[in-house]
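First comes the structure, then the notes that go with it.
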Amino acid sequence: EPGLIIDLGGKFDKSFNESAYTGAQRWKEETGNDYMETELQSEAQREQTMRRMAERGANPVVVLGFANASTLEKVAPDYPDTNFVIVDMVVDQPNVQSVVFSEHEGSYLVGVMAAKASETGTVSFVGGMDVPLIRKFACGYAQGAKDTNPDINVVANMTGTTPTAWNDPVKGGELTRAQISQGSDVVYAAAGGTGVGVLQTAADEGILAIGVDSNQNYLHPGSILTSMTKQVDKAVYDAFQSAAEGNFQTGLQVKDLASEGVGYAMDEHNADLVTEEMQQAVDEAAEKIKSGEIAVHDYTSDDSCPALSF
Amino acid sequence: MDKLPRWADVALIPVVNLVLALIVSGIVVTLIGENPFDAMMIMVNGAVGSTYGWGYTLFYATNFVFTGLAVAVAFHARLFNIGGEGQAQLGSLGVALVCLYIPWPHWTLALPGAIVGGALFGAAWAAIPAYLQARRGSHIVITTIMFNFIASALLVYLLITSLKAPGMAPETARFPEATYLPTAQDFFAAIGIPFARTPLNVSFIVALIACWLVWLLMWRMRLGYEIRAFGHSEPAAIYAGISPFRITMVAMLISGALAGLMGINAVMGEQQRLLQDNVLGAGFVGIAVALMGRSHPVGVLLAAILFGALYQGGAELEFETSVPREMVVVIQALVILFTGALDGMVRGPLEKAFLRYRKQPKPGVAAE
Amino acid sequence: MADGPAPAIELRGISKAFGAVQANKDISIRVMPGTIHGIIGENGAGKSTLMSILYGFYRADAGEILIAGRKTDIPDSQAAIRAGIGMVFQHFKLVENFTVLENIVLGAEEGVLLNTSLGKARKLLRQLSDEYELHVDPDALIEDLGVGMQQRVEILKALYRQADILILDEPTGVLTPAEADHLFRILRGLKDQGKTVVLITHKLREIMEITDTVSVMRRGQMTATVRTAETSPEKLAELMVGRKVLLQVDKAPPRPGEVVLKVENLRIHDEQGVERLRGVSFDVRAGEVLGIAGVAGNGQSELLEVLGGMRPAQGGTVQLTGEALDLTGSRSDARTRRARGIAHVPEDRQREGLIMDFHAWENVGFGYHDDPAYNRGVLMDNDALRRDAEAKIARFDVRPADCWQKARNFSGGNQQKIVVAREIERDPVLLLVGQPTRGVDIGAIEFIHQQIVALRDAGRAVLLVSVELDEILSLSDRIAVMFDGRIMGERLPDTTDERELGLLMAGITDTDRPVATAEVEANLARSGGKAR
Amino acid sequence: MDFLTVVQILDSTVRLATPLLLACLAGLFSERAGVVDIGLEGKMLIAAFFSAAVAYSTGSVWLGLLAGVAASMVFGVIHGLASITFRGDQLISGVALNFLASGMTVLIAQDWFAQGGRTPALDGAARFSSIDLPGAGALRDVPFIGPIYDDLISGHTILVYVAVLMVPLSWYVLFRTRFGLRLRAVGENPGAVDTAGISVVRLRYSAVLICGFLCGLAGAYLATGLAAGFVKDMTAGRGYIALAALIFAKWRPWYALGACLLFGLLESIGNRYQSLDLLGLQIPSQFMQALPYILTVVILAGFVGKATPPRAGGTPYVKEK
Ligand SMILES: Nc1ncnc2c1ncn2[C@@H]1O[C@H](COP(=O)(O)OP(=O)(O)OP(=O)(O)O)[C@@H](O)[C@H]1O
Ligand SMILES: Nc1ncnc2c1ncn2[C@@H]1O[C@H](COP(=O)(O)OP(=O)(O)OP(=O)(O)O)[C@@H](O)[C@H]1O
Ligand SMILES: [Mg+2]
Ligand SMILES: [Mg+2]
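Protein chains in written order, with the working numbering: chain S, 1 to 310; chain Y, 1001 to 1368; chain F, 2001 to 2532; chain B, 3001 to 3321.
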């Protein structure tokens, strides 16, 4: 029986955690098997929660987010017979599968679309907690926007420096308002639960927004330009399924654009917002990334960003 | 004659208050669609039904003993220290610094070092509110609340700047292995008893010693006598030559040091690195523990174990049912409400009852 | 009295208990309209409780109240006010940072908005103050007024509510004799207007001076109600305490020795910066009791506190047996004073002298807890403390003789005995005593007085502060009178009287009888003291 | 910093100061009546939850507001029971109620909505929308005045205007009416009020209820005006900041407005700039966040004028002679 530990944002953050939750649910429905699930309440309880999962015999145990890395590093060796999966971070242990995404590539695509959609020549970004992972999003986004329109102005703000930054919609909204006053008319939120406030404010103030992780287009139809999807759901599903089938693999798994690990979302909610031309530009860029013609800079590779200064 | 016999004051009233809190909690559980008795069973089982449960129960209890004693010592000086949270955070910082930057050869040396570090930092964080109370009359309740917030901002700042380990999370590097404290598992394994892997560690013994020392201090030492005298009456303390400034400072420093000691259990014993929030509200639980324990070390110890069980049981409850862990927060709130604030609701009628019972004159009770 | 007018107040069978304390037991009285009725009784006799019941502040457990002949239910003060009752409490009930006017209208406002009420009140106030000689500035803040003025505000409050019955609870305790005289003039004026006044006091002189009838209370019961004209102070005193009272203390003539305490030009400010002592100088010799008389609040408390090490001084010097005491520094605390041989029976035993929630044995070491006899290394020697406590309790006949009782469970008199035992038994060089017999019954008073005199006779110096002139006159070998932070003069008990002391207490010095320092010196010489 | 940025920051200040102001005035009424309330945080939180929950369920923000206010007032009554009727410790009661709110809201939210302790997002009539004051659009392009009127003054939700109006109203009630006189008196010397024939208990309960009412508005504004729904612990210490503002304001309504605007401004600046460059000195955002608390300690220490709280504050009233 596999297990999933939902991280601090909560399983209905409409974003990262929710995506993982959906994947697990889909697996449950499709296979009819059960899985164990629990939700973290606080930073300091990661260890107990992981241990409890392992003690209860969950296998594999999926943990979400980079914040679990150091705890997993410590816990995994104590349970050599249990497999673990960590999303968004690499943990080098024999019984751990590390799933990382090429968020910079997906962000590049939505950056292209943002630049195309912007009328003011200013687009913006609201990040959650200020960590390299989120800068990776911002940097890819900025690069995409600037490659499309060299004159564009990209404004980026982070919500905070602690995990509460994932869950502060009020502050997200305030940041968005500030960005609007700086001229932004497309805002990209990569901020977990905080993003809810960003998208809401964008809708209230009549500008466009870009969702993240899950397809968030449905939240404010007509106001959400697209979503940068990151297939955490698929990662969870695959982990569960491979374990059930007995072919679970440990080690690093990179999910990039080419493997459709990241992408952008199109559906009936944003069909009217995305013009033919915009879609074309984005698809073109996607092809170039896949072919290697465009190299999107990965912030975490050298902790720097040519397209944006923070 | 006192209005109530001693046993009623120290045992009956807290128990009645606790029962009331539990009844209301039961109603809450029922309202959210769970059977309160089943929930109770899960919690009891989860807390004390296995060595795993005991391990975590006593691990949490260790935290609460430290913060509970901290609140209790301050209470004796009639200082309401709500700053346990911040003092414990700073104490954790002290423990972390000691563990990270001093190359300890063995935990037996690292532990005393960490005790000094945690106590010093915790005490230092209590010192400013104490000083402001003693010299400038700034209300310690408000200043310690403010210091909780300032502490958490300070810790975040340090954890994302100078103390931050490589990686994304705001946390320090893991401590060197030589500082790892032996756990209950290690201990019981040595005598051949299997015990689940839990973070319960040698800090529990330190907590017990702390209880004994606080008892010695409060009821056997001059300083404790002076703290209690000051707590009962400041003018009387001045009359007796007990300096209010000194007692306020000393009591708060001891209180802060005790709260800071929590770091050896939470940070050195479990996390083995400093996180942004490793106190987990234990500073506040300390208030409930001290109130329930009537500020006596034995009471504090018992109440701490009760709350430890509540925490561990609550975690299991969340795991087994749809009752979120916040249930524990609710129970804790109700315990504080009933034992601390609504005490008069139970005390009043009880006093009347005892008075009526006494009115039947008994020979020999003629007190002038 | 069946054919006379109905009594303004009639109480029938009033009883009231606070927990185990029966404060009032089956009390009945009648007060006729247009009279001044006195109620006397010792501390704790139940006077305040009875009047608080009449004013609706407490509810009686049993009994009924008739106002102007009609049975009246008084569940709260509102009802009392409606029945035409006004009360001036022992501790004033004024909002310190409100103006006089605001205090007066509080609770008797007309309409929802303040402006109209304040305007009306201002007019009415002017009328009232003309009528009764009650002049106050309506816009002054209460905290800026002296106690006498504050009392006027309280009276005006009652009159503003059109009270026909005015109750005053120990109104003169805080007044100088002159202020008290003025108050009595006002009360007579009220009486002439047909109003009824109930006056609580335990000063027999006041009863004799102003009341028409008087009730005596003892231990919660009403022992008698008599016409003032038909009784005497002695009779009243006997009724008050239940036996013949010896108003004088037996003592040998003093044999003063060397100067033990020399105070020079002592100055103190309080926390607000108000000067409390404005240059006080005096000395106390071995083997004599110096009594400090004065109305409460004229600096005596502060004087005791400075000498006892409870507060720093802002100027002046104090010498104990020739050596200067530290008045400001780190060695100005009470602990150091005790080490120098100064013992101190504080004015307020419950607030200062005792820890009410400590056991008797813990209290017996209070202040002396670092005495090596009570300690063994870093730990306190609780057994030694208990042994000592038991011995002292036995010697001073503290009842109940149980060192495990909490201090709060002893009666006032027995609490005082614990304090006195603790302080006197240290055989101090100098004993400071404040209000030694406040709230203490007559038996204990005699005992405590004897202890003080015995200490004096053993050649120790005693500084006695008391607001009771009787006590001062009977215990002191020399009397200094304080007024407004100054010593107005020194007198000898044999050659002065209450009238003269009263004038000094009011700040009035007789020009034809200058401060009698010379006379005191002469007296000292006569009694063989070695004047230095 | 150009003019428009300043207007924007001030605009954000107004929004962020609103919950503080309402809570601060709530505390003002309570403490002026001698009931210390560190439970402002908990009242706001419970109100935030119930307003969001009911607004979501009924689709009407007004019903939500009502529910939030009612919940907060129930907390007020509990505080009253503890501190007025049973003469318990007001501080402990406040602490307990803060915990109770923080636990209860998540518990009920989880039970009702199963969304991890939050309410579903609100939209449409379930939220307060901003009001455009007359002429805002027309004036927009007038230099200077335009942005100030259009951005700063106009375009807030109704509760913002209510909060601002509450300031003169509170002042008037406290200092110009009979009720205010009595309320202030009961916080200074309850004995005086009692002997004047007014019920101390009734007065204090009404203060506690007003406090509940205003905290209810504050909480409802957070969840249905500022944000669009309830999330766990969404008050995020604002109750304590309001308390700090109250001390700052020396328990006076107009000063409260100033103090809350100041703290709102700090928050707004902290939101906008992750770190502030002040004369070459890097000020981290953590410092900005901690600044209200630091300022409060400085005030309490008496370095910036002494704040004297109502004299009878924090002590239960027991009749005595
Ligand atoms: N609120 C109370 N609670 C408990 N006991 C009380 C209370 N008020 C008064 N008593 C007790 O009732 C008794 C009578 O008190 P009361 O104040 O009526 O005396 P009194 O004659 O006015 O004394 P004094 O001259 O000191 O003013 C005392 O034993 C006192 O301790
Ligand atoms: N405020 C109070 N609270 C509790 N108990 C009290 C209070 N006041 C008095 N008592 C109790 O009432 C009893 C009588 O107290 P009180 O001081 O009135 O005695 P008393 O008759 O005046 O005796 P004494 O002459 O020795 O002063 C004491 O045993 C004391 O325990
Ligand atoms: Mg009295
Ligand atoms: Mg007595």
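Yeah, the Cβ is synthetic: ideal placement off N, Cα and C, and Gly gets one too. Model, not experiment: these values are computed from the prediction.
Problem set entry | Pair within 8 Å by beta-carbon distance, F/G2367 and F/R2399 | It is not a contact, given that the beta carbons lie outside the stated cut-off.
Exercise. Between S/V131 and chain Y, is there a C-beta pair that is closer than 8 Å?
Worked result: True, the Cβ-Cβ gap to chain Y drops below 8 Å.
Exercise. Using 8 Å as the limit for Cβ to Cβ distance, is S/P169 near chain B?
Worked result: It does: the Cβ of S/P169 has a partner Cβ on chain B nearer than 8 Å.
Exercise. Between the stretch 2197–2205 of chain F and the stretch 2035–2053 of chain F, are three or more C-beta pairs nearer than 8 Å?
Worked result: Yes: at least three Cβ pairs fall under 8 Å.
Exercise. B/L3025 by DSSP, collapsed to three states: which one?
Worked result: The answer is helix: DSSP assigns B/L3025 an H, G or I state.
For this session: Give the residues of chain Y in contact with S/E43, contact being defined as C-beta atoms less than 7 Å apart.
Result: Against chain Y, the beta carbon of S/E43 has neighbours under 7 Å at L1275, Q1276, D1277, listed in chain order.
For this session: Counting only the same chain and skipping the five closest in sequence on each side, list residues whose C-beta sits under 6 Å from that of Y/R1197.
Result: Result list for Y/R1197: Q1185, in chain order.
Exercise. Whole alpha helix (DSSP H) runs in the stretch 149–234 of chain S with 4 or more residues, listed along the chain?
Worked result: Here the runs fully enclosed are 169–181, 194–205.
Exercise. Which residues, in order along the stretch 1167–1179 of chain Y, keep a beta-carbon less than 8 Å from a beta-carbon of chain S?
Worked result: Considering only beta carbons, the part of the stretch 1167–1179 of chain Y lying closer than 8 Å to chain S consists of G1167, M1168, A1169, P1170, E1171, R1174, in chain order.
Exercise. Does any CB atom of chain F fall closer than 8 Å to the CB of Y/P1235?
Worked result: Closer than 8 Å to the CB of Y/P1235 there is at least one CB belonging to chain F.
Exercise. Which residue from F/R2285, F/L2054, F/N2097, F/G2377 puts its Cα closest to that of F/G2459?
Worked result: Of F/R2285, F/L2054, F/N2097, F/G2377, the smallest CA-CA separation from F/G2459 is found for F/R2285.
Problem set entry | Per DSSP, cross-strand counterpart(s) of S/Q97 | Looking at the DSSP assignment, S/Q97 forms a beta bridge with S/V85, S/G251.
Exercise. Are Y/V1346 and B/L3100 closer than 8 Å when you measure CB to CB?
Worked result: No. Outside cutoff.
For this session: Would you tell me roughly how many angstroms separate the C-alpha atoms of B/L3181 and F/Q2150, rounded to the nearest one?
Result: So the two alpha carbons sit approximately 19 Å from each other.
For this session: Please confirm whether Y/G1283 and Y/L1058 have their CB atoms less than 8 Å apart.
Result: Y/L1058 is positioned such that its CB atom lies no closer than 8 Å to that of Y/G1283.
For this session: Run the CB neighbour count on S/D213, radius 10 Å, all protein chains shown included, and call it buried at 16 or more, exposed below.
Result: Label assigned to S/D213: buried.
Problem set entry | Contact with chain S by B/A3053, beta-carbon distance below 8 Å | B/A3053 is outside the set of residues whose beta carbon lies under 8 Å from a beta carbon in chain S.
Exercise. Of all the CB atoms in chain S, is at least one closer than 8 Å to the CB of B/N3271?
Worked result: True, the Cβ-Cβ gap to chain S drops below 8 Å.
Problem set entry | Identified DSSP bridge partners for F/G2315 | F/R2267.
For this session: Answer yes or no: do F/L2175 and F/L2168 have a C-beta to C-beta separation smaller than 8 Å?
Result: No, they are not a contact pair.
Exercise. Going straight from the alpha carbon of F/A2534 to that of F/A2068, what length do you get?
Worked result: Past the edges of chain F, shown from 2001 to 2532, lies residue 2534 of chain F, and the structure says nothing about it.
Exercise. Got a sec: which bits of the stretch 2349–2368 of chain F sit with their beta carbon under 9 Å from any beta carbon on chain D, in order along the chain?
Worked result: In the structure shown, chain D cannot be found, because the protein chains are S, Y, F and B.
Exercise. Going straight from the alpha carbon of Y/A1251 to that of F/C2403, what length do you get?
Worked result: A direct Cα-to-Cα measurement between Y/A1251 and F/C2403 gives close to 28 Å.
Problem set entry | Listed by chain order, chain S residues near B/G3116 by CB distance under 7 Å | Within chain S, the residues near B/G3116 are G10, K11, F12, E39.
For this session: Below 6 Å CB to CB, which residues in the same chain sit around S/Q182 once its five sequence neighbours on both sides are set aside?
Result: Excluding residues within five positions, the ones whose Cβ falls inside 6 Å are V155.
For this session: At 8 Å on the CB atoms, spell out the chain F contacts of Y/L952, in chain order.
Result: Outside the shown range of chain Y, which is 1001 to 1368, sits residue 952 of chain Y, and nothing can be said about it.
Exercise. Which two residues bound the contiguous beta strand (DSSP E) that contains F/M2222?
Worked result: Counted as a single uninterrupted DSSP element, the beta strand (DSSP E) harbouring F/M2222 occupies residues 2221–2227.
Exercise. Which whole runs of the alpha helix (DSSP H) in the stretch 3092–3170 of chain B are 4 residues long or more, in chain order?
Worked result: 3136–3139, all fully within the stretch 3092–3170 of chain B.
For this session: Report buried or exposed for F/H2344, applying the criterion of at least 16 other Cβ atoms within 10 angstroms of its Cβ.
Result: F/H2344 comes out buried.
Exercise. Which residues of chain Y have a Cβ atom closer than 9 Å to the Cβ of B/Q3110, listed in chain order?
Worked result: The contacting residues are I1032, S1322, V1323, P1324, E1326.
Exercise. Which of the three DSSP states, helix, strand or coil, is assigned to Y/F1080?
Worked result: Y/F1080 falls in the coil class under three-state DSSP.
Exercise. Going by DSSP, what residues sit across from F/E2064 in a beta bridge?
Worked result: Note: F/E2064 is bridge-paired with F/R2012 in the DSSP secondary-structure output.
Exercise. Around the C-beta of F/K2071, are 16 or more other C-beta atoms found within 10 angstroms, so that it is buried, or is it exposed?
Worked result: F/K2071 is exposed by the Cβ-count criterion.
Exercise. Mind pulling the alpha helix (DSSP H) runs of 4 or more residues that sit fully within the stretch 1169–1219 of chain Y?
Worked result: Secondary structure in the stretch 1169–1219 of chain Y: the alpha helix (DSSP H) runs of 4 residues or longer, each lying completely within the stretch, are 1184–1190 in chain order.
Exercise. Just the Cα atoms here: how many angstroms apart are F/R2227 and F/P2253?
Worked result: The C-alpha of F/R2227 lies about 40 Å from the C-alpha of F/P2253.
For this session: Pick out whichever of S/L257, S/V90, S/I180, S/G192 has its Cα sitting closest to the Cα of S/G292.
Result: The residue with the shortest Cα to Cα distance from S/G292 is S/L257.
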